[in-house]
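Take a look at the structure below.
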Amino acid sequence: MIEKISSLLSGIIFGVGLVISGMTNPEKVIGFLSITHNWDASLIFVMGGAIIITAPFFYLLKNRNKSLLDLDLNLPQKKNLDKKLIIGSSLFGIGWGLIGLCPGPAVSSLALFEPITLIFLVAMYLGVIANKYI
Amino acid sequence: MYNFTPLSALTGGIIIGFAVVLFFYTTGRLAGISGIFANALTRKLNRSSNLFFLLGLVIGPIGYLYLTKASINFEITNSYILIIIAGFLVGLGTRMGGGCTSGHGICGISRISVRSIIATITFIFTGMLTVFILQQFGIYL
Chain A
245 MIEKISSLLS GIIFGVGLVI SGMTNPEKVI GFLSITHNWD ASLIFVMGGA IIITAPFFYL
305 LKNRNKSLLD LDLNLPQKKN LDKKLIIGSS LFGIGWGLIG LCPGPAVSSL ALFEPITLIF
365 LVAMYLGVIA NKYI
Chain B
1102 MYNFTPLSAL TGGIIIGFAV VLFFYTTGRL AGISGIFANA LTRKLNRSSN LFFLLGLVIG
1162 PIGYLYLTKA SINFEITNSY ILIIIAGFLV GLGTRMGGGC TSGHGICGIS RISVRSIIAT
1222 ITFIFTGMLT VFILQQFGIY L
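Protein chains in written order, with this note's numbering: chain A, 245 to 378; chain B, 1102 to 1242.
As structure tokens, then:
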């Protein structure tokens, strides 16, 4: 129960942060990706702002294996660079650059009742399924 | 610099950081949204927790916009074909590459994961390249 409440709360805080950061507006993201023309560096400040908070907190739990709710800490175990990482990230970047939406802002912009984001999310789901067959 | 909003970007980023910390300190999992989205829809493990997180991602902004009476811009292409191709590539690419802007870009980089640093450089590079190419065709000028 507490896990569900904290998940909900984390989502709420994350969503509010996204709106304040301006990243729910695809045009803002395109501005960041438009390096050769009217570049808008704001997105770096969003990532930087998040990382200055998360880095020390992650470091503090470095030698523990349980969360505060006594759940196992679940961290990625892969260390090696492989083709899938590079090809997958490349494809994601292309999709991101095409319209300026990545998963977080895509879900959060449902709050704006824009039907276009629902179409994006359905297509994203199909992409998730397609990966299982590759 | 055009349209540059460092203060609101930094404020929003710090708030996002605290959300990631809260999620990790309680559930023990990283708040990578492409993973949460995919797992919520395709796996039974942690499904309700994942769905609650996604619900929060939607009601957080609704509550914020209601309480502050703020209005936010949402400008996107009106080409459905572009939207569908983009959504498909984002879903496929993030699952194949194991993360998106939040999972690799925020969680991974702050854990100093080499995989995530390489992934982030890669998707920012191909994203910039894609926008550059679209601009040559008169889109996003």
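Backbone N, C-alpha and C fix where the C-beta goes; we use that ideal spot for every residue, glycine too.
Whose Cβ in chain B lies nearer than 9 Å to the Cβ of residue i?
i                : result
Pro270 (chain A) : Phe1175, Glu1176, Ile1177, Thr1178
For residue i, would you say it is in contact with chain B, using Cβ-to-Cβ distances shorter than 9 Å as the test?
i                : result
Asn318 (chain A) : yes
Asn375 (chain A) : yes
Asn307 (chain A) : no
Residue i: buried (16+ other C-beta within 10 angstroms of its C-beta) or exposed?
i                 : result
Gly1239 (chain B) : exposed
Asp314 (chain A)  : exposed
Arg308 (chain A)  : exposed
Ile1182 (chain B) : exposed
Phe1153 (chain B) : buried
Met291 (chain A)  : buried
Arg1216 (chain B) : buried
Leu1111 (chain B) : buried
Arg1144 (chain B) : exposed
Ala1187 (chain B) : buried
In chain A, which residues lie with their C-beta within 7 Å of the C-beta of residue i?
i                 : result
Arg1130 (chain B) : Asn318
Leu1155 (chain B) : Gly255, Val351
Ala1220 (chain B) : Leu329, Ser333
Leu1123 (chain B) : Ser250, Leu253, Ser254, Ile257
From the beta carbon of residue i, is the nearest beta carbon of chain A less than 9 Å away?
i                 : result
Gly1164 (chain B) : yes
Phe1105 (chain B) : yes
Gly1239 (chain B) : no
Which chain B residues are close to residue i, counting only those with a beta carbon under 7 Å from its beta carbon?
i                : result
Pro347 (chain A) : Ile1134, Ser1135, Phe1138, Val1191, Thr1195, Cys1201
When the Cα of residue i is compared with those of the options, which residue comes out closest?
i                 : options                                    : result
Ile330 (chain A)  : B:Ser1211, B:Met1197, B:Asn1151            : B:Met1197
Ile1098 (chain B) : A:Tyr369, A:Asn318, A:Ile343               : In the structure displayed, chain B extends from 1102 to 1242; residue 1098 (chain B) sits before or after that span and is not available.
Ile338 (chain A)  : B:Thr1106, B:Gly1206, B:Met1229            : B:Met1229
Thr1106 (chain B) : A:Lys272, A:Ile246, A:Met245               : A:Lys272
Ser333 (chain A)  : B:Thr1202, B:Ile1186, B:Ser1180, B:Ile1184 : B:Thr1202
Leu317 (chain A)  : A:Leu304, A:Leu365, A:Gly261, A:Leu325     : A:Leu304
Gly293 (chain A)  : B:Thr1143, B:Gly1206, B:Ile1225, B:Thr1227 : B:Gly1206
At 8 Å on the CB atoms, spell out the chain B contacts of residue i, in chain order.
i                : result
Met291 (chain A) : Gly1114, Thr1202, Gly1206, Ile1207, Ile1210
Below 9 Å on C-beta distance, what does residue i contact in chain A?
i                 : result
Ala1187 (chain B) : Ile338, Gly339, Trp340, Gly341, Leu342, Ile343, Gly344, Leu345, Phe364, Ala367, Met368
Arg1216 (chain B) : Pro320, Lys322, Lys323, Asn324, Leu325, Asp326, Leu329
Ile1184 (chain B) : Leu342, Ile343, Leu345, Ile360, Thr361, Ile363, Phe364, Ala367
Under 8 Å between beta-carbons, which chain A residues line up against residue i? List them in chain order, please.
i                 : result
Leu1142 (chain B) : Tyr369, Val372
Leu1111 (chain B) : Phe289, Val290, Gly292, Gly293
Exercise. Which parts of the region 299–372 of chain A are runs of the alpha helix (DSSP H), unbroken and 4 residues or longer, counting only runs that do not cross its ends?
Worked result: Runs found: 327–343, 347–352.
Exercise. Could you give the uninterrupted runs of the alpha helix (DSSP H) lying entirely in the region 1132–1191 of chain B, keeping only those of 4 residues or more?
Worked result: Entirely contained in the region 1132–1191 of chain B, the alpha helix (DSSP H) runs reaching 4 residues are, in chain order, 1134–1143, 1148–1169.
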